[in-house]
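Structure first, commentary second.
Protein chains: 2
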Amino acid sequence: MKPEILLSRIRVVLCRPSHPGNIGAAARAMKTMGLSRLTLVNPKLFPDPEADTRATGAVDLLNAAKIFTSLNEALAGTVFAIGLSARQRDLGPAPGAPRQMVSALLSAAEEGDVALVFGNETVGLSNDELQLCHAAVSIPTNPDFSSLNLGSAVQVLCYEARMAAYAERPPSPESVTTPFVSPTATHDEVEGFYAHLETVMTATGFYNPEQPGRLLPKLRRLFGRARLERDEVNILRGVLAATQNKTGHGSKC
Amino acid sequence: MKPEILLSRIRVVLCRPSHPGNIGAAARAMKTMGLSRLTLVNPKLFPDPEADTRATGAVDLLNAAKIFTSLNEALAGTVFAIGLSARQRDLGPAPGAPRQMVSALLSAAEEGDVALVFGNETVGLSNDELQLCHAAVSIPTNPDFSSLNLGSAVQVLCYEARMAAYAERPPSPESVTTPFVSPTATHDEVEGFYAHLETVMTATGFYNPEQPGRLLPKLRRLFGRARLERDEVNILRGVLAATQNKTGHGSKC
Chain X
1 MKPEILLSRI RVVLCRPSHP GNIGAAARAM KTMGLSRLTL VNPKLFPDPE
51 ADTRATGAVD LLNAAKIFTS LNEALAGTVF AIGLSARQRD LGPAPGAPRQ
101 MVSALLSAAE EGDVALVFGN ETVGLSNDEL QLCHAAVSIP TNPDFSSLNL
151 GSAVQVLCYE ARMAAYAERP PSPESVTTPF VSPTATHDEV EGFYAHLETV
201 MTATGFYNPE QPGRLLPKLR RLFGRARLER DEVNILRGVL AATQNKTGHG
251 SKC
Chain V
254 MKPEILLSRI RVVLCRPSHP GNIGAAARAM KTMGLSRLTL VNPKLFPDPE
304 ADTRATGAVD LLNAAKIFTS LNEALAGTVF AIGLSARQRD LGPAPGAPRQ
354 MVSALLSAAE EGDVALVFGN ETVGLSNDEL QLCHAAVSIP TNPDFSSLNL
404 GSAVQVLCYE ARMAAYAERP PSPESVTTPF VSPTATHDEV EGFYAHLETV
454 MTATGFYNPE QPGRLLPKLR RLFGRARLER DEVNILRGVL AATQNKTGHG
504 SKC
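Chains as they are written, first to last, in the working numbering: chain X, 1 to 253; chain V, 254 to 506.
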């Protein structure tokens, strides 16, 4: 696939940005690297003249930005999402290095829309937000001063994306020999499976929503690692539906 | 030589910067990547509150910045200098790619001080200034919008310098704390899970051993890709056991 097309499939999602200047800087950073799809989740101030000023010639990206009230909606239709995380969380995927993770992002972009997800300037992504991503990326920084500006973080990852998109990338072994290939499941399809799984686990008493513990994050980590295909989501939901029917039949008598 | 020492030998030289905010952004970009030696040639406005604001926690680099009236003086004592150039000039070195040029810069840093030289925001480096450099570097950009912000250009090259200094092995967050790492499940543990899954799917009627089709191989492919951990096998078998109990209760009556 052409590098320009791969890059056009990357959504840059900014969650709860506080400073409109950073939104403008992100738009400019994206456009210099050939990315165009700016996505905002609950921006504090937008649109704003400060965003336009910092965007300079990339105001078109600001005008075309999509705005949502939850990360979940912002990721609808994506097949892969990577969240920026400065640190390992108790829950959630272990952060990989930018080069490695961007390479995975571009491989996934061959199949559909993907996302690079950035958190708020001060607090980063919440654990809940990071749970919605398949993978995490951490930009290596000086341990004594790791305060990377949001626009700079967007710049570094978009730069890596451009470098990777235009580099010769050998076809992944997976894509060469795939016996039963099915398209990667979209974010909403995978979320549908998680919701179904939770319902079944709650009905059977294995999961108690009053005392959730780490069960759901652990299951998300497992299936996130596998990057479910559509066909697999259908199979898993079929397994779940069959147990529900069986349970239902049993309790009818 | 230690990565920190190599990085401490890199001077970031800004020639005739117009906007003090960009000087501050450059300082912050440098410090996040472990560089410290900011050098200014004829800044239009410096010091300036806007520089301090954009530097946030990197004001110490602004305070320690060296200021000169010519690039020639700013480069005194360096053994190697690379100038940023968006284009090939009639005169001067042909620009190389960031990764390749930064690698050369770090090799030279083993011998002494080196410099990354950036031009004015609007006009870049003059031909005369570029002539003072040993080599040129060009950051690949979108041909339709190559207007990289000065602070962003500093960020990208300092990031490449850090990556190269740590030779693709920056301390990974993963190695510091691994939250719920459980040992990889053994072959027999995974097989026990598959057998359990098959039993449940058969009991619910989702799977018919008489007409197996591709169901089991597809599930093996999914969970094989994830490389299950022991803890995860226990969770999955817990989910299965709970559905069996529920089904069992129902059919007792």
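All C-beta atoms in this analysis are idealised placements derived from N, C-alpha and C, irrespective of residue type, glycine included.
Keep in mind it's a predicted model, so treat the numbers as computed, not measured.
> If you draw a straight line from the alpha carbon of V407(V) to that of L369(V), how long is it in whole angstroms?
Replying inline: Per the coordinates, the alpha-carbon of V407(V) lies some 9 Å from the alpha-carbon of L369(V).
> For the segment 454-472 of chain V, which residues have a beta carbon sitting closer than 9 Å to at least one beta carbon of chain X?
Replying inline: Near chain X, meaning a CB-to-CB distance below 9 Å, the residues of the segment 454-472 of chain V are M454, A456, T457, G458, F459, Y460, R467, L468, P470, K471, L472.
> On the three-pair Cβ rule with 8 Å, is the segment 116-132 of chain X touching the segment 193-212 of chain X?
Replying inline: Touching, no, given that fewer than three Cβ pairs across the two stretches are closer than 8 Å.
>> Cβ closer than 7 Å: which chain X residues qualify as neighbours of P443(V)?
In response: For the record, residue 443(V) in the displayed sequence is Val; it is not Pro. Correct list: empty, because the minimum Cβ distance to chain X is about 13 Å.
>> By the three-class DSSP mapping on this structure, what secondary structure does N373(V) have?
In response: The DSSP-derived three-state label of N373(V) is strand.
> Which two residues bound the contiguous beta strand (DSSP E) that contains L378(V)?
Replying inline: For L378(V), there is no enclosing beta strand (DSSP E), as DSSP gives it neither H nor E.
> Under three-state DSSP, which class holds T452(V)?
Replying inline: Here T452(V) carries a helix assignment [DSSP, helix/strand/coil].
> So, is the C-beta of I82(X) closer than 8 Å to a C-beta in chain V?
Replying inline: No, I82(X) does not count as interfacial toward chain V.
>> Quick check: what's the CA-CA separation for K252(X) versus K499(V)?
In response: With a pLDDT of only 37 at K252(X), under the threshold of 50, the placement of this residue in the model should not be trusted; the figure read from the coordinates follows. Straight-line Cα distance between these residues: approximately 13 Å.
>> Given this structure, state the Cα-to-Cα distance separating R220(X) from R237(X), to the nearest angstrom.
In response: If you draw a straight line from the Cα of R220(X) to the Cα of R237(X), it comes to about 15 Å.
>> Buried or exposed for G287(V), going by 16 or more other Cβ atoms inside 10 Å?
In response: Buried is the label assigned to G287(V), since at least 16 other Cβ atoms lie within 10 Å of its Cβ.
>> Would L150(X) pass as an interface residue toward chain V - the criterion being a Cβ-Cβ separation below 8 Å?
In response: Answer no: the Cβ-Cβ gap between L150(X) and chain V never drops below 8 Å.
> Could you give the distance in angstroms between the alpha-carbon of S295(V) and the alpha-carbon of D381(V)?
Replying inline: The identity of residue 295(V) in the sequence shown is Asn, whereas the question assumes Ser. Rounded to the nearest angstrom, the two C-alpha atoms are 15 Å apart.
> Within the chosen definition, does the segment 9-25 of chain X reach the segment 72-84 of chain X through at least 3 CB pairs nearer than 8 Å?
Replying inline: In short, these stretches touch, since the Cβ pair count reaches three.
> With 8 Å set as the bound, which would you pick, yes or no: does the beta-carbon of A278(V) sit closer than that to a beta-carbon of chain X?
Replying inline: It does; some Cβ of chain X falls within 8 Å.
> Per DSSP, A368(V) is paired with what?
Replying inline: R264(V), A334(V), per the DSSP bridge assignment.
>> For a cutoff of 8 Å on Cβ pairs, would you count R254(X) as touching chain V?
In response: Because chain X is modelled from 1 through 253, residue 254(X) falls outside the range shown and cannot be assessed.
>> Is the separation between the beta-carbon of S152(X) and that of G310(V) shorter than 8 Å?
In response: Not closer than 8 Å, so no.
> Quick one, are the C-beta atoms of A282(V) and C386(V) less than 8 Å apart?
Replying inline: Going by C-beta atoms, A282(V) is not nearer than 8 Å to C386(V).
>> Among S360(V), L475(V), H440(V), whose alpha-carbon lies nearest the alpha-carbon of L258(V)?
In response: Note that residue 258(V) is Ile in the sequence shown here, rather than Leu. Measuring from the Cα of I258(V), the nearest candidate turns out to be S360(V).
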